[in-house]
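Structure first, commentary second.
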Amino acid sequence: MSLSAKETPANFPRNPGVPLQTDWFDAIAVNTSAAERRAATLTTRRTVKKDFQAAWLVNAIRCIDLTTLSGDDTPDRVARLCAKARRPLSDEIMRGLGLDHLTTGAVCVYPSMVPAAVKALKGTSIPVASVATGFPAGLTPLPLRLAEIRYAVEEGAEEIDIVIHRAQVLNGDWQALYDEVAAMREACGAAHMKAILATGELRTLRNVYKASMVAMQAGSDFIKTSTGKEGVNATLPVSLIMVRALRDYGRLTRHKIGFKPAGGMKSAKDAIAWQILMKEELGNDWLQPDLFRLGASSMLADIERQLEHHLTGRYAAAHRNAIA
Amino acid sequence: MSKVTEILATMDYGPAPEANGEVVKWLKARGSFGHLIGGAFTTPAKTFAVQNPATGEVLAHVSQGSASDVEAAVKAAHAALPGWSRLSGHDRARWLYALARAVQKRERFLAVLETMDNGKPIRETRDIDVPLVARHFYHHAGWAEMLEDEFPGMGPVGVCGQIIPWNFPLLMLAWKIAPALAAGNTVVLKPAEYTPLTALAFAEICVEIGLPKGVVNIITGDGETGAALVAAEVDKIAFTGSTEVGRAIRRATAGTDKKLTLELGGKSPFVVFSDADIDGAVEGVVDAIWFNQGQVCCAGSRILVQEVIAEDFTRRLKARLAKLRVGDPLDKSTDMGALVDPVQLNRVSSLVREGEAQGATLHQAPCVLPSKGSFFAPGFFTNVAPANVISEVEIFGPVATLTTFRTPDEAVELANNTRYGLAASVWSENINLALDVAAQVKAGVVWINGTNIFDAAAGFGGYRESGFGREGGREGMLSYLADAPVKAKAEAAPITPDTAPHPEASGRADGIDRTAKLYIGGAQKRPDSGYSYAVMAKGRTIGLAGLGNRKDIRNAVEAAHGAKGWGKATGHNRAQVLYYLAENLSQRAAEFTERLKSAGTPKAAEEVETAIRRAFWYAAQADKFDGAVHSTKSAHVTLAMNEPYGVMGVACPTDAPLLGFLSLVLPAIAMGNRVIALPSQNMPLAATDLYQVLETSDLPGGVVNIVTGARDELAKTLAGHDDVAALWYCGSPDGARMIEAESAGNLKVTWTPENRDWLSPAGQGKAFLTRATQVKNIWVPYGE
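Protein chains in written order, with my numbering: chain U, 4 to 327; chain C, 2 to 785.
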């Protein structure tokens, strides 16, 4: 069985966006305690064991945007990451699980690393995702941010992870936020756009809901929690509110929006937790890579160890598996 | 295809059963259980089978407790009482700590056993029931340690008979046993017949840690065993269960001097305002009525939704309902397990059918139920008229009703349109609105933007027909402590009202006729009977008093209900009125002293002087006998508020005609109650003379209503009045028995203080204020 992003059965139309409609979120009420309670019990109400756990971990791999976003990234480092994205599990584990082909959902890099990633992934169907728009702070002038998107797309990125201008959320400047994101969407062209909200800097769950809604109205294909560089990155309560927002948007527009938590998720346990969230709050469509991505780097190594343990019954050592 | 690739196609959860090998082994090794009496297990004699409601399989056989078993257990508890109650608080704290630790050391065993016995999902027993059990013992180890400092002068009640239900078997055991032991009582506990197994496991823990023999006795059996325990020589009965049985226990214990606390049924409102977090509230419904298969006395079973969001809310609720997983309770991914017994399944099914037949629309989870076991698909009703049976009756299953409202006022009206008053849940992002509703709703527990949140440090218990007494926290300890003993003094026997014409009584020395009427709604009213009776002193008639009857009581209760503002007035306002009352009484001290002298009252001047001081003391308390902020969970403010009952009856002793009356009426009104007072039957004139004092003191009409006449007859009417929330009776033992039995109708709170020397310090105190209030715990989670 082949499992990679472009070969999955579902293929949903892109989100064309809608005009800014503040009445979809102006009066939104989000009770933080209630959200925290729900988030805390998601993983105590559901669990997966044995073969089911293995399958869910494999599913997580195909939803991973395997990421490197460091100041010391080099083309060779990116190539190494891409090699892991092409072959995320050892042949032994693949055989043991009865899989013949598996890749991660995408590889995610800085714009200047896009050529290296495209080269390294040549011959695969793994898309290259690039962050853009002055990642992570998003405070460079708009023309430069848009130019950065065009650059990454021209170099072969098929997915662009943009960052929003946080001050526009904090000040409730929805029109400005909408206009910027819509301009970014236009600059992306055929590339799918993920809007990073940097929720750790939006602070309140109401802000998170409102920013999610504006980003979707402006045409984002995915909404994404974090850059990985904020003080607080992906958390379950924040993710809960974002998926509720995209569910509400879907009901109002019939468009399916993807969700990408990113940053801070390191373990196989996290991979299961976020999949439970998707299944419970949205449904199985959101367990497919075209609607769900996990922005992570070290998570894959932990998943691989867990899968090895599943097959051998022995606890695994990270150094015995290939690093990214 | 491999197994893994098949699963990838469906992304199902798959089975995740909790291992139950240890519990199965334990059950097999025991086979059948005796009772725990005096530190040892009895040999099982007559037994009955205990089943797993999810599978129907027999788990064990337990003993059917007979009257003699109960007697033996009560005897063992009496024998253990002196030693246990004489232990220092610290020593008892050590034992409670040992119990807490023992529970923690086998938490998984207890969770699995509870799930098998009760049918509730392992997620709940593991994450909620058992951790709360341990928490309860820890918390009460602390109360034992601090007992003397925190409750000076109080002592244990004695031997407590405790009867617990099947919905939270081990948790209810902890709620009963922990405070009882902390306060120095010994107990005989009867678990429910459906779910006795965790209690028996707990019994083994008691033996294992070497708890002194007879301190905890556990008798298994059915309702007959429970009835035997109620009838036994115990000093207190604590019961959690149905209102129907609670009422029977109230009648059975009437006049026995057994202290009684009841935690009964509910039909708790779950109020969702349009500015609420709707998804949060929908999730709240899951934690309310779809928790523990809806077998929760405080379940938010009446969902009230503001009309403007009703459609949206209903749609989201249906979507959420569809996600619930019903099935094997031992599976870690199960949301809802089995109802406790086929009997309950039938009861719930037939009530639901009846609700449908009466016009309501049922929405049920589209789940496939296991082929055997007592499973019921969760759901809710729409199109529910208030007159539909399911609006009134506690279904005690996973089915809520959904009704709409338009305004906050209407929400409160609907919320309070019930006989019950256990809990309420209020959802709004507007703190003003949420607290306003919390204050108005008649319920012992109010959760704002949450539901079914529990902690040992907060009191739990009901208003109205949901019972009385609290479990948990400081207020819960009071349910297991006796007031400092009072030197009782028999009152003078009530005279038989003589309504024959008494020409010599109508006149006065100054030649102007003076007639004591009744005092109702701030005005003097002629008695409905059209009769007056002679008030005698020193062998001669000194005046006439109205002979009140049922209708006067009815009118007085209505007048009291009309004086709603008094309960909402500030403590300061009430204090001002009471100080003013003292001032006016003081101004007329000589007149009252004369009146008392003429009535043959000894120490007349002292009685008047003490009455004035007492008014000052309760004025002082009016704005100081306040509640607490309990230390419960992080990021939760848990407010324990002392609220007045509302409308109370106060039947006064024949003795101390002025001071006896004021000693009972003052604390009641200081706390914001409105009272219907029955003054001394023999000498009502000291009270009727107060009319002018009450009026000139700015006491609003209807706050104090005075009906003179045959006390016990009038008290009986008050006891049987469903719109009177509490009744104090200071009189004869026969009268006390009568009012306790009669009060079972609406389960009003009663207090039957002994007559005493009202001039002594025993005539006032915080015990009076505690009795004049009920504690409402309001939970306010916070966080942005």
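Yeah, the Cβ is synthetic: ideal placement off N, Cα and C, and Gly gets one too.
Any chain U beta carbon closer than 9 Å to residue i
i	result
Val5/C	yes
Leu436/C	no
Gly285/C	yes
Gly281/C	yes
Thr1/C	Chain C is shown from 2 up to 785; residue 1/C falls before or after that span and cannot be answered.
Ala9/C	For the record, residue 9/C in the displayed sequence is Leu; it is not Ala. It does: the Cβ of Leu9/C has a partner Cβ on chain U nearer than 9 Å.
Arg1/C	In the structure displayed, chain C extends from 2 to 785; residue 1/C sits before or after that span and is not available.
Ala289/C	no
Ile779/C	no
Ala846/C	Here chain C has residues from 2 to 785 only, and residue 846/C is not among them.
Selection from the options that minimises the alpha carbon distance to residue i
i	options	result
Thr127/U	Lys213/U, Ala57/U and Val110/U	Val110/U
Tyr464/C	Ala184/C, Ser86/C, Cys299/C and Gly710/C	Cys299/C
Ala45/C	Leu60/C, Arg475/C, Pro54/C and Ser64/C	It is worth fixing the name first, because residue 45/C is Pro in this sequence and not Ala. Per the Cα distances, Ser64/C.
Asp529/C	Asn450/C, Ala535/C, Met537/C and Leu519/C	Leu519/C
Thr402/C	Leu60/C, Lys260/C and Asn384/C	Asn384/C
Ala186/U	Asp94/U, Gly253/U and Glu151/U	Glu151/U
Pro603/C	Ala564/C, His137/C and Leu660/C	Leu660/C
Val781/C	Val273/C, Ile238/C and Ser635/C	Ser635/C
Asp699/C	Thr497/C, Gly523/C, Ala745/C and Leu548/C	Gly523/C
Glu225/C	Gly647/C, Asp70/C, Ala641/C and Ala175/C	Asp70/C
Asp410/C	Pro213/C, Gly154/C and Gln307/C	Gln307/C
Trp144/C	Ala135/C, Gly90/C, Val446/C and Tyr195/C	Gly90/C
Same chain, Cβ closer than 6 Å to residue i, five either side skipped, listed in chain order
i	result
Ala583/C	Ile613, Ala616 and Phe617
Lys263/U	Lys197, Phe225, Lys227, Arg296 and Gly298
Ile164/C	Lys191, Gly227 and Phe240
Ala142/C	Ala94, Leu97 and Tyr98
Asp499/C	Tyr534 and Ala535
Gly99/U	Leu314
Leu100/C	Phe138
Phe662/C	Cys653, Pro680 and Ala688
Pro157/C	Ser86, Ala184, Gly185 and Asn186
Same chain, Cβ closer than 7 Å to residue i, neighbours up to 5 away in sequence not counted
i	result
Thr11/U	At Thr11/U the pLDDT is 42, less than 50, meaning the model places this residue with poor confidence; the figure from the coordinates comes in the next sentence. These residues qualify, in order along the chain: Gln291, Pro292 and Asp293.
Ser300/U	Leu69, Thr70, Thr71 and Ala327
Glu19/C	Val113, Ile123, Leu331 and Lys333
Pro219/U	Reading off the sequence, residue 219/U comes out as Met, not Pro. Closer than 7 Å at Cβ, skipping near neighbours: Asn18, Ile226, Leu249, Tyr252 and Ile260.
Thr187/C	Ala78, Ala81, Leu82, Trp85, Val160, Gly215 and Val216
Ala190/U	Leu149, Ile152 and Arg153
Gln359/C	Asn389 and Val390
Interface flag, residue i vs chain C, CB-CB below 9 Å
i	result
Ala32/U	yes
Ser128/U	no
Ala58/U	yes
Arg206/U	yes
Glu283/U	yes
Val51/U	yes
Glu39/U	yes
Inter-residue CB distance, residue i and residue j (contact presumed, cutoff 8 Å)
i	j	result
Gln622/C	Leu770/C	6 Å
Ala773/C	Lys749/C	So it is not a contact: roughly 14 Å between Cβ atoms.
His364/C	Lys324/C	About 14 Å; that fails the 8 Å criterion.
Val394/C	Phe382/C	About 12 Å separates the two Cβ atoms, so there is no contact after all.
Cβ-based neighbour list, residue i, same chain, cut-off 8 Å, excluding 5 preceding and 5 following
i	result
Val24/C	Phe110, Val113, Leu114 and Met117
Ser33/C	Pro45, Thr48, Ala61, His62, Val63 and Ser64
Interface flag, residue i vs chain B, CB-CB below 9 Å
i	result
Trp428/C	Here chain B cannot be found, since the structure's protein chains are U and C.
beta-carbon residue i near the ligand SAH non-hydrogen atom, thresh 8 Å
i	result
Ser530/C	No copy of the ligand SAH appears in this structure; indeed no ligand is present at all.
If contact means a Cβ-Cβ distance below 8 Å, which residues of the segment 14 to 41 of chain C contact chain U?
Tyr14, Gly15, Pro16 and Ala17
Please list the residues of the segment 450 to 461 of chain C that have a C-beta atom closer than 7 Å to any C-beta atom in chain U, keeping them in chain order.
Answer in chain order: Asn450 and Gly451.
Against chain U, which members of the segment 328 to 340 of chain C pass a CB distance test of less than 8 Å?
Lys333, Ser334 and Asp336
Chain U contacts from the segment 380 to 397 of chain C (Cβ-Cβ distance under 7 Å)
none
Please name the residues in the segment 302 to 329 of chain C whose beta-carbon is closer than 7 Å to at least one beta-carbon of chain U, in chain order.
Lys324
Which residues, in order along the segment 99 to 130 of chain U, keep a beta-carbon less than 8 Å from a beta-carbon of chain C?
Leu100, Gly101 and Leu102
Give, in chain order, every residue of the segment 82 to 113 of chain C whose Cβ lies closer than 9 Å to some Cβ of chain U.
none
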